[in-house]
Every structure is written in C-alpha cells, then in structure tokens.
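There are 2 protein chains.
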Amino acid sequence: MSKSLAARFRVFTLNCWGIRYLSKHCRERYEMIVQLLSEEKYDVVLLQEVWSEQDYHFLRSKLTSAQPYSVYFRSGAIGSGLCVFSRCRITESFLYRFSLNGYPYKLHHGDWFGGKSVGLVILKLQGIIVHVYVTHLHAEYCREKDDYLPHRLLQAWELGQFIRHTSKTADVTILGGDLNMHPSDLGNRLLQCYTGMKDSFVETEKFEGSEEGCTLQSQNCFATVGDSLSFPSGIRIDYVLYKGSRGFPVKCEHLMTTSGTAPGKSIPYSDHEAVCATLSVQKDWDGVVGTKHEEETNPQLVDILNEARAEVKIGIHGAEKVRYSSGRMAVLGLVLLLLEVIMAIVPYLTTLPENSFPKFSFYILGMVAFAVTLLAGILYVFHTIEVKMLQGTEDQMRNTIQALQEKLRE
Amino acid sequence: MSKSLAARFRVFTLNCWGIRYLSKHCRERYEMIVQLLSEEKYDVVLLQEVWSEQDYHFLRSKLTSAQPYSVYFRSGAIGSGLCVFSRCRITESFLYRFSLNGYPYKLHHGDWFGGKSVGLVILKLQGIIVHVYVTHLHAEYCREKDDYLPHRLLQAWELGQFIRHTSKTADVTILGGDLNMHPSDLGNRLLQCYTGMKDSFVETEKFEGSEEGCTLQSQNCFATVGDSLSFPSGIRIDYVLYKGSRGFPVKCEHLMTTSGTAPGKSIPYSDHEAVCATLSVQKDWDGVVGTKHEEETNPQLVDILNEARAEVKIGIHGAEKVRYSSGRMAVLGLVLLLLEVIMAIVPYLTTLPENSFPKFSFYILGMVAFAVTLLAGILYVFHTIEVKMLQGTEDQMRNTIQALQEKLRE
C-alpha cells in the first residue's frame, strides 16, 4: 500500500454580520460564536465581516486556548472584515486587495469602504504545509440587474490568479469564505476551473445541515434572501474549496452547516450559516516522485474564460458610459465657471459697464459650477480607473486563453 | 563535475520618461530605444514610465522580430507605465497594485494617478523557469523631508512579500525597475534581505558604464538629481536584482549602463540611464537533490524589520494627524451647514421674524460649508485608508519578526 493517512483537520467558515450598532444582537452572537469555537476546537477558523477590530480583539482574548494563533487583515476605510484563527502556528500571512470593489458614492451598499480582499495564511498543520485563503467578494444586491457583476467577476479572477501564483509549493490549499456567488455562477466556475479547487459540498462523503447546503436560508430570522420565489429554501454562497497536491491527495469526509437558531438559543449565529468541512489528507508515496505541481490544462477553461471576457466587456462598456457622462459634466461645469470668471473680469479690463446679472444668482451659480466640476472630475478619475482595471482583466483573460490554446495544441 | 552552464541571458531595464507632450523629445527617444532593443536583441526588456498605451503599441509594432512577446500592465487612472518585452513566450502574467501610492490631491507629483504596481511575467527561457518582476516605486521628491518615505517603504515591503510568495517554484527570479531608492536605503535593504535577491551591480564580474553605476546622472541633460551637492556624480536608483534556486545558481557576468547621449545622437535615451545585466545560470546536479526552495532565515532581517517598523510608525502618526485635521474640518463644515439649515427653517416653524442675516452671504456661506464638508469628508476617508494600510503593514512586520525569532531559537 502506497497511501497512508497524513492528517485530518476541520475548517470552519462564517460570515459574522458584525456591523457594530447596526447588526442585530451583535455582541450576543459573538459570544455564541466564541462558545461554539471553544467547544468544537476547529483547526482553522475563517471569519468574514468582523468589521470592528475591537470585536476581533474580543474573539482573540476568548480563543487563546482553543485557537491561540490569529491574523486580522486590515484594508479599506473600515477594514477587510477578514480574520483567521488557528490551532497551530501561522508562519506567514499576506493580503491581496482586489482592484475594483463597487463605488464609494453608493453609500447604501458600502462594500467599497470594506476594501474587499483575499488573505493568505501559511500553516504547518500536522507536518503538512497548508495555504489557507479567506475572502469575501462584493455582494449581489439584485440578481436580475446586477450592477456589480463585472466587479465580482474581476474579483473572482484576481482571487484565482492570487491562489494559483501563491499556492504552488503548498501540500494542501484551502479557500473559505463568502463568495457571494451561486454554485453555478460564472465567477465560481471560473475560480474553480482556473485553480483546480473542488467544492467540499459537491465532493463530501457525508453531509449534515441545511437543505441543499444553503448558507443564506429563508428560515434564518436575520437573513434576507433576495429572490425567495426562485430560491424558496435559500441560496448557497459560502464555501470551503480545497485542493491537494501530487504527494498529498485530499478528501472531504464530512461537511456540516449550521441551520436556524443555535442550540439552546433563540437566535442564529449570524444572517449566514456557518460551514464546517472535515478534510483528510493522504500521503501518496508514489505521487511524490516526479514534479510536484505539474499544471494541468483544463480545456473547459477556454470556454469559461471566453464567457467571462464577454461579461467583462459589457462591464467596460458600462464603465465607459459613466466615465463619459462624468467627463461631460466636468467639462460643462468648467465652461460655466470660466464664463463666470470672464463675466466678472471683463468690466475691470474694458470700459464696458458691469454685467447686469443679479449678483446673488451669479455667485451661487459660480459655486455650483465649481462643486460640479470638482465632483464630476473626481468621478471621471474613478471611472477611468474602473475602465483601466476591467480592460486589464480582459487583456489577461485573452492572454490566458491564447497560452491555453497553444498548450492544448502541443 | 556536477555543474554545467544551463543558460545565459541579458536583461535590460529602463525608465523611459514617456509623458506624452510633456517629456522632451518623447517620440524621438522612443525611436532610439527601439533601435537599441532591435540591435542588441536583449532576452528580457523591462520598461517603466511608458505612460501612453499608444507608445506601447508603437514599441510592440517595431519589436515584433527582436522581442516578439510582450505584456502591458494597466493600473490606476493613467496606467502603471510598466511593460515587458521578451524574446521567448510569456506563459503567465499577474499584477499586484501597491496599497498606498501618494496622494491624489498632490497633483504636481502625480504618482497616485499612475497606480504604481509590480508586474510578474513567467517565461520558459532556454528550458529554465524564470519569474521576471518589473516595478516602479513612488518617487522621492525631497530627500531631506521625504513625505513619501512610509509609502515607499510599504511598497518595498509589499514588493518583497509578493516576490517571496510567488517565486517559490521559479528556477531563477529577476526583478528590474526604478526602485527610487539609493543602494543603502532602508527599503532596499529590506527588499533584498527579505527576498534573498542580489544586486547585480554589487555582484557583477565586470562593469562598464556610468560612474558608480549611477542611473540618474548629473551629466544627463534631462535628469534632475535632487541633491547634486551630496551626490555630485548622480545616484543609483534603477536595479536588476536576481536570485537563483538550489538547482540553479546564478551569476552576473557583466553589467552595463548607458551614459550620457546615445551613440551618434545628441540626446540620451531618457532622463534615467538604462541597465543591462548578463546573467549566467548553472545547472547544479547536486543541488537538485533535497527540497528545492528551503527558506533561509537571515538574522539581519530582524534588525532591518525593526528599523522599518519604526519608520512605518512615524508614517502612521503623520497620517493620523492629517486624518484628524480632515475629520475636524468635516465636522466644522457640517455644524455650519446644520446651523444654516436651522436658521433657514426656524422662521417657517415659529412666529419669529425671518433672520436678518444678509441673504447673499447666507447662501454663499452655505455653499462653502457644503463643499468643505464634502471635500474634508473624502479626505478623511482617504487618510483613514492610509492609516489602516500602514497599521496593517506594521502588524505584518511585527508578526514576521516574531516568526523569525521563533525560527532562530529552534
């Protein structure tokens, strides 16, 4: 027999919905989460939406014996909301901020202020090098008219690239978090196909928990499932993905989600359900021979990338339109401002009488023109960055398709 | 004999100073660069400050036979200015944008608009996997009072992290570009110590070119060497760094810089000098046995990281001060605005006579208050992001020191 069990560990992920003073029963729920983590002693805990650093410090102070090692990832104006707790030492950590993440002026959505990112921590878990990634992608506020689809797709692509480039020496790679994508969504397919990672819900040998593994359940009293008609039981948007390596094949033995209220409590842990995967890692003595991380070329990837490119192109088109409007507005404001300046100066330079425009309206108009020029100018720069980043993504996707096709022809 | 020559290649880097309509003799210099690259047939060409995509397309169209493969990295509002040309196929590319990069309101410096980044391309050069990084860090405008030092240090740290995490499976790793740091600057020492990369100028067997390898020379007619009294011959801020791996030790056989005007021309290629390194890679048959990328722990790194942490802390302090001022200004503006709203509403709600404040000043004041609130609010958010990112960097450095100390104790 050339295989033996090398390690078994449990990975836990939960979107904590931790907006201080806004999320309901925030402190109470954090205490419930602490109790769960302390009792269950998960090996790796991936949390999202821990927006307040004070809450992170509270968790850390309570988990010193269950999960003594931790990292909090700072990003954006509020924070990335991401943190990792671990039973074993974290040797390294690294953060990648996504290039695009919504719009700062859409205050009611607020994703922009969170600086959505992917955090990497490297662990030596039971002698095996594990690269653990935690992430939270841009929310989907309206499935029918999803303004953020290009941004989320770009995030999924960057997430895939980041994992691909930084996990090459890992024995085991794990990604957990709130992807804000349904299982068959384009971004999800792209991510899984590009990284070669597998969905623990699909692969698990045994499953316990909510119907169809939904993590945003209609029966959760805090959750708001956007389209409850199309998805009566809820949707699955929180994931544990994993991949082994040549010497270390991985299996998902057991997958569990929480469902409804917490045991003995009247409220659930969060508006999302937690996901917990038990992964077993084999040591494959035959697999160690040869190159460890030979990259496989999945022919499906070409189709998915083409589909993604089309979607990104729509995003570029939309961003260009908004950029054009902002630019036009800025130019109009500037022209108005210049006209006013000329009108104000002319009487001093010539013998013409002072303009008869009412002074009051004149100054108000000047101020408005100034404000419009400035704000529209800022918007123009912002949307130019958006266009550039989407174009860059489309470019990278095209290059990847080309490289894949050449590889497949070989 | 267990070693044999596996490959020899030439890496070229140049900051092109390609600001359309602003840089002197821009088109002419691009044509000179094309001529040089076509004649010399460098294996890898790393260019910075190719700000215009049209100029990149011009270069690409002219280099189809000398360096037929290329990548242009888009980032920020203008572009990252980075591109790579290569004689052999580029199999993958990836961009990492630095978290901080100056201030958008410092229009006269303008670095923020460039979205400074590090670009990675992966090549299979003469059978060897080479990871090539091209970068351009934030400029230093005043060495005595360098407002951007914390940002540049953060960039050097993120650059180091990015290289460290993405180069683990490379046979040879190369970094080229304009680091905007002197050889002994803290960020440079941090970068080299953290990644284990070597400076080709220090290591080369043979050198030809400018005095002390300076790439910003006082005798270059376009260059402005900030402090020409302390550095009469100029400064060295453009680099080719490299590292091999266990099976593939690398040597720098020859290093060359351009100096002054181009041969047969009356102007130089750019305001910077180009650097060209000839690297030879050995195949070490003994080294292949064992783990390929065992990470070495350099005890010096702890001291450098402590020094860097102190510098970042100064940056945090400065950023917090500006954030506080912006916040205070926003609050003052808001209070004034609210007062005006109250003053305007009160006469309608009560029997009091209308306020006697002159209408004209009243509205002007309202507009000013609104503009101040909005702008100061935007600034507050911007500097909050700055504080967060610097704090995150300090955090990561502290964690790295801890991990290093534990490793050294083992």
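In order, the protein sequence lines correspond to chains A and B. Using our numbering, count along the first sequence one by one with no gaps and you end on 410. Using our numbering, count along the second sequence one by one with no gaps and you end on 1410. We put the beta carbon where it would ideally sit given N, CA and C, even for glycine.
- Query: Mapping DSSP to helix, strand and coil, what is Lys292 (chain A)?
  - Reply: Because the pLDDT at Lys292 (chain A) is just 47, under 50, the model does not fix this residue reliably, and the value given afterwards should be weighed accordingly. Lys292 (chain A): coil per DSSP, three-state reduction.
- Query: What distance in whole Å lies between the Cβ atoms of Ser200 (chain A) and Leu255 (chain A), which are believed to be in contact at a cut-off of 8 Å?
  - Reply: Going by Cβ atoms, the distance from Leu255 (chain A) to Ser200 (chain A) rounds to 5 Å, so yes, they are a contact pair.
- Query: Which word fits His108 (chain A), buried or exposed, when buried means at least 16 other C-beta atoms lie within 10 angstroms of its C-beta?
  - Reply: Around the CB of His108 (chain A), fewer than 16 other CB atoms lie within 10 Å, so the residue is classed as exposed.
- Give the residues of chain A in contact with Ser978 (chain B), contact being defined as C-beta atoms less than 7 Å apart. Shown here, chain B extends from 1001 to 1410; a query on residue 978 (chain B) therefore has no answer.
- Message: Tell me which residues of the stretch 1385 to 1399 of chain B have at least one Cβ-Cβ distance to chain A shorter than 8 Å, keeping chain order.
- Response: Along the stretch 1385 to 1399 of chain B, going in chain order, the ones with a CB nearer than 8 Å to a CB of chain A are Ile1385, Lys1388, Met1389, Gln1391, Gly1392, Asp1395, Gln1396, Asn1399.
- Query: Does the beta carbon of Phe94 (chain A) come closer than 8 Å to any beta carbon on chain B?
  - Reply: By this cut-off, Phe94 (chain A) is an interface position.
- Item | Through-space distance from Glu273 (chain A) to Lys1292 (chain B), alpha-carbon basis | At Lys1292 (chain B), the pLDDT of 47 sits below 50, so the modelled position is not reliable and the matter cannot be decided from this model.
- Which ranges does the alpha helix (DSSP H) cover as unbroken runs of at least 4 residues, wholly within the stretch 293 to 372 of chain A, from first to last along the chain? For the alpha helix (DSSP H) assignment, the uninterrupted runs of no fewer than 4 residues enclosed by the stretch 293 to 372 of chain A are, from N- to C-terminal side, 300 to 349.
- Item | N- and C-terminal bounds of the beta strand (DSSP E) containing Thr1135 (chain B) | That run of the beta strand (DSSP E) goes 1128 to 1136.
- Message: What does DSSP give as the partner residue(s) for His57 (chain A) in the beta ladder?
- Response: According to DSSP, which records beta bridges pairwise, His57 (chain A) is partnered with nothing at all.
- CB-CB under 6 Å to Gly1392 (chain B), same chain, minus the five flanking residues each way: which ones, in chain order? Same-chain partners within the cutoff: there are none.
- C-alpha distance - Lys321 (chain A) paired with Thr261 (chain A), whole-angstrom precision: Cα to Cα, Lys321 (chain A) sits roughly 46 Å from Thr261 (chain A).
- Task: Using three-state DSSP, classify Val1050 (chain B) as helix, strand or coil.
- Result: Coil.
- Is DSSP giving Arg1236 (chain B) helix, strand or coil here? When DSSP states are grouped into helix, strand and coil, Arg1236 (chain B) belongs to the coil group.
- Message: At the 8 Å Cβ level, is Ile401 (chain A) part of the contact set with chain B, yes or no?
- Response: Not one chain B Cβ lies under 8 Å of Ile401 (chain A).
- Could you pull out every residue in the same chain whose Cβ sits closer than 7 Å to the Cβ of Phe370 (chain A), ignoring the five residues on either side in sequence? The beta carbon of Phe370 (chain A) sits closer than 7 Å to the beta carbons of Leu337 from its chain, once the five residues preceding and following it are set aside; these are given in chain order.
- Message: So for Cys388 (chain A), helix, strand or coil by DSSP?
- Response: According to the sequence displayed, residue 388 (chain A) carries Lys and not Cys. The DSSP-derived three-state label of Lys388 (chain A) is helix.
- Do the CB positions of Arg87 (chain A) and Thr278 (chain A) come within less than 8 Å of each other? Arg87 (chain A) places its beta carbon 8 Å or farther from that of Thr278 (chain A).
- Message: Using C-beta distances below 7 Å, list every residue in its chain close to Leu379 (chain A), excluding the 5 sequence neighbours before and after it, in chain order.
- Response: If we look at Leu379 (chain A) and ignore the five residues flanking it on each side, its Cβ neighbours are Ser326.
- Using the rule of at least 16 other Cβ atoms within 10 Å of the residue's Cβ for burial, across every protein chain shown, is Gly247 (chain A) buried or exposed? Its Cβ being crowded by 16 or more others within 10 Å, Gly247 (chain A) is buried.
- Item | Closer than 8 Å to chain B by CB, Gly290 (chain A) | Any reading at Gly290 (chain A) needs caution, since the residue's pLDDT is 48, under 50, leaving its predicted position unreliable; the model's value is listed next. For Gly290 (chain A), the nearest beta carbon of chain B is not closer than 8 Å to its own beta carbon.
- the stretch 1044 to 1076 of chain B: which residues have C-beta closer than 8 Å to a C-beta of chain A, in chain order? Residues Val1071, Tyr1072, Phe1073, Arg1074, Ser1075, Gly1076.
- Check whether the Cβ atoms of Gly1318 (chain B) and Thr1373 (chain B) lie closer than 8 Å to each other. For Gly1318 (chain B) and Thr1373 (chain B), no; Cβs fall outside 8 Å.
- Message: Beta-carbon within less than 6 Å of Ile129 (chain A)'s beta-carbon, same chain only, minus the 5 sequence neighbours each way: which residues are those?
- Response: Beyond the five residues adjoining it in sequence on each side, Ile129 (chain A) comes within less than 6 Å, by CB distance, of Ala170, Asp171 in the same chain, given in chain order.
- Residue range of the unbroken beta strand (DSSP E) whose run includes Thr1257 (chain B): In the DSSP assignment, Thr1257 (chain B) falls within the unbroken beta strand (DSSP E) covering 1250 to 1257.
- Nearest to Pro1068 (chain B) by CA position, among B:His1136, B:Phe1058, B:Gln1405, B:Gly1076, is which residue? Closest by C-alpha distance to Pro1068 (chain B), out of B:His1136, B:Phe1058, B:Gln1405, B:Gly1076, is B:Phe1058.
- Count the other C-beta atoms from every protein chain shown that fall within 10 angstroms of the C-beta of Pro1232 (chain B), then say buried if there are 16 or more, exposed otherwise. By the 16-neighbour rule on beta-carbons within 10 angstroms, Pro1232 (chain B) is exposed.
- Cα-Cα separation between Gly1290 (chain B) and Glu205 (chain A), rounded to whole angstroms: Here Gly1290 (chain B) scores only 48 on pLDDT, less than 50, and its place in the model is too uncertain to base an answer on.
- Message: I need the DSSP call for Gln1217 (chain B), collapsed to helix, strand or coil.
- Response: Of the three classes helix, strand and coil, the one that applies to Gln1217 (chain B) here is strand, per DSSP.
- Query: Taking Cβ positions only, does Gly1079 (chain B) come closer than 8 Å to chain A?
  - Reply: Closer than 8 Å: yes.
- Query: Around the Cβ of Ala156 (chain A), are there at least 16 other Cβ atoms within 10 angstroms (buried) or fewer (exposed)?
  - Reply: Counting Cβ neighbours within 10 Å, Ala156 (chain A) comes out buried, since at least 16 surround it.
- Tell whether a beta-carbon distance below 8 Å holds between Val1134 (chain B) and Leu1179 (chain B). Cβ distance not < 8 Å, so Val1134 (chain B) and Leu1179 (chain B) don't count as in contact.
- Message: Restricting to Cα atoms, I'd like to know which of A:Leu120, A:Leu125, A:Arg74 is closest to Phe113 (chain A).
- Response: Sorting A:Leu120, A:Leu125, A:Arg74 by C-alpha distance to the C-alpha of Phe113 (chain A) places A:Arg74 at the top.
- Query: So does the stretch 1144 to 1161 of chain B actually touch the stretch 1092 to 1101 of chain B, counting three or more Cβ pairs closer than 8 Å?
  - Reply: Segment contact: the stretch 1144 to 1161 of chain B against the stretch 1092 to 1101 of chain B, three or more CB-CB distances shorter than 8 Å; contact assigned.
- Item | Supposed contact pair Tyr1242 (chain B) and Lys1283 (chain B) - C-beta distance, whole angstroms, cut 8 Å | The beta-carbon distance between Lys1283 (chain B) and Tyr1242 (chain B), rounded to whole angstroms, is 16 Å. This is too long to meet the 8 Å contact definition.
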